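Working notes for the structure below.
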Ligand SMILES: [Zn+2]
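Residue numbers (my numbering): 24 to 486.
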């Protein structure tokens, strides 16, 4: 029987399963079972996790990530402009605006609500102006506050993620003083910080090109001083470098570890002893005759083609090795805001707000929020600036038009591929130009409203 003890305090009493990345921040759960329930699991939530979850609610909402415990997507603060009046509100979806709520304008002079609710409130019925949600132009502004990325709370969260993940991948049980510094940083936040923010734009570009849109990514490696570094990449927006231990612990054999957690719940993983070990794996694979067959081209050059579908993800191995080499060489980090890191954060955040990922979760959510029982037929407002809505309505119309009776992941990707000429699971950047094209595409289609309804029904029935 394996000895199971808390990695923070060594107790074997009341152990629990800790979500390494808080449940509200990911659709792909990873856990560490050697964490005691109260002091080193539940208490972290109030100490630093909930502050980060709250501050990142707009990001998780945009990426269709929600807590498995909660029914709804996170709410975030937004300002909406309707008929030139600003209303400050707290929403989970733009459809929330009129779900029986009353909005008060920023200058407190106006109230806005759906007709039904307005009738209840207004004493003089003649003063109530009916609104048509379909033709209303709503402009939404969200203030993106970057302070959270430099906050002690997110530094402690990054340290917690790095430590629990590294321990889980090495089956560490019980307290070890090798991890003294990081444990007291997570517990108190008061000692020397093992966390800094990577601020090299070349590394961000290199990693950003490889990982999936909105993914979290964790990478453990030994640096030139043999310390254990873990890179915690949150949503592809920001990378924290965490020194988990200032030497390589003798009881840990897996020191080159990589894991990507995607927003559609899928994941990729490499676990190896060291960088050398990983490089050897793919080099042996590439040089082995068994995996490649020579093909002579007409110009006399011999080309090696893979003999079968490789069982080793060569490109992933090469990416991870190159990334580690990059992190070992370039030590360019900060703990405070400056122009370089601010530019990186803004660029990555705007990519998230301008792109859409089409998968089961995102399209089912859209249909659930926009096609409630008894809703009015969808009319496209030519002046609408809501890019993601136009994009989703267009896809529903294409599904309706396709005549399919049932849909699955594969069929959805095929339809998206046909409509947008993209590969499976690639994100789609919704530029102003694309939105205009989609709008015209919808408006030029006769019966678009009923085609959209058909598409929505097919998505609703998707089990
Ligand atoms: Zn404990």
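Beta carbons: idealized from backbone N, C-alpha and C, even for Gly. All of these numbers come straight from a predicted model, not from anything done at the bench.
Three-state class that DSSP yields for residue i in the structure shown
i	result
residue 68	helix
residue 407	coil
residue 54	strand
residue 304	helix
residue 484	coil
residue 114	strand
residue 322	coil
residue 453	coil
residue 83	helix
residue 29	coil
residue 128	strand
residue 170	helix
residue 230	helix
residue 162	strand
residue 214	coil
residue 458	helix
residue 335	coil
residue 267	strand
residue 24	Because the pLDDT at residue 24 is just 46, under 50, the model does not fix this residue reliably, and the point stays unresolved.
residue 343	helix
Range covered by the beta strand (DSSP E) that runs through residue i
i	result
residue 90	Where residue 90 is concerned, there is no enclosing beta strand (DSSP E), given that its DSSP letter is neither H nor E.
residue 40	38 to 42
residue 244	239 to 245
Opposing strand residues paired with residue i [DSSP bridges]
i	result
residue 290	284
residue 315	329
residue 262	256
residue 101	112
residue 279	295
residue 221	356
residue 428	Beta-bridge pairing links residue 428 to no other residue.
residue 251	245 and 268
Residue i vs residue j beta-carbon contact at 8 Å
i	j	result
residue 52	residue 37	no
residue 373	residue 87	no
residue 365	residue 48	no
residue 198	residue 33	yes
residue 208	residue 179	yes
residue 463	residue 417	no
residue 568	residue 217	Lying outside 24 to 486, the shown extent of the chain, residue 568 is not represented and no answer is given.
residue 252	residue 240	no
residue 337	residue 309	yes
residue 54	residue 102	no
residue 108	residue 133	yes
residue 403	residue 421	no
residue 195	residue 268	no
residue 475	residue 430	no
residue 50	residue 288	yes
residue 230	residue 396	no
residue 183	residue 67	yes
residue 380	residue 237	yes
residue 335	residue 326	no
residue 110	residue 131	no
residue 281	residue 221	no
The alpha helix (DSSP H) enclosing residue i, as first and last residue numbers
i	result
residue 192	175 to 192
residue 393	383 to 393
residue 362	362 to 377
residue 440	432 to 443
residue 73	73 to 78
residue 203	203 to 211
Residue i beta carbon near ligand 3 (any heavy atom closer than 7 Å)
i	result
residue 368	Judged by which ligands are present, ligand 3 is missing from the structure shown, whose ligands are ligand 1.
Checklist line | Residues whose Cβ lies closer than 7 Å to any heavy atom of ligand 1, in chain order | finding: 29, 31, 32, 34, 58, 59, 62 and 63
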